[in-house]
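Count along the sequence shown from 1, add 9, and you get the number used in my numbering.
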Amino acid sequence: HKYKIVNIFSYVCKFCEVKSMFWERFYELCIEKGSKPNPIASELGLSSAVLTKWKKGESYPNGEILIAIAKYFDCSIDYLVGLTDSRKSFEHKISVSDKLILEKLHSLTQEDQDEIFYMLNYKYNKVKGKETEKSSLFTKQRNDLLA
């Protein structure tokens, strides 16, 4: 029973940290927008009473509201709740050309995907092998000069 109590306590503490981090991030994003939380909450259709509960840690926004807030501030929900310090989700880090490659790859059969992956690994190892050979040759030449 002692183990269960520790786990529950740990979960509750983590949830409290998330609620606290959410308010800090929400407030910080409001200020960066040149506003205070109340006008932004109003724009999002939220009452000042809701904000007061968030600030005191008595309440936490549900998923629908988190999504609306994340869209409003153009950041990820993970950022809002403190799971990451990166404001954008991973999707924003993928270039357009990388997305196109992934879309094409996913449109193929698993067999074709495996073949492309095999060819990619072959080419990668060939290129990296050459770099390693060049690095080794340079190191050998440098050591010969120093000897």
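For glycine and all other residues, C-beta sits at the position ideal for the given N, C-alpha and C.
Taking the continuous alpha helix (DSSP H) assigned at Gly72, which residues delimit it? 72-82
Note to self: If you reduce the DSSP assignment to three classes, tell me which class Gly138 lands in.
What the structure shows: helix
Taking Cβ to Cβ, would you say Ile46 is nearer than 7 angstroms to Leu60? Note on residue identity: the sequence assigns Pro, not Ile, to residue 46. The answer is yes: Cβ separation under 7 angstroms.
Taking Cβ positions, are Phe31 and Leu89 nearer each other than 7 angstroms?
yes
Discussion item. Taking its Cβ as the centre, do 16 or more other Cβ atoms sit within 10 Å of Trp129, making it buried, or is it exposed?
Written reply: The sequence shown places Leu at residue 129, not Trp. Leu129 should be labelled exposed.
**Asked** Mind checking whether Ala77 and Ile86 have CB atoms under 7 angstroms apart?
**Response** no
query = Does the separation of the CB atoms of Leu53 and Phe82 fall below 7 angstroms?
reply = no
Neighbour-count burial assignment, Ile40, 16 or more Cβ in a 10 Å radius: exposed
Roughly how many angstroms separate the alpha carbons of Ser95 and Phe35, rounded to a whole number? 14 angstroms
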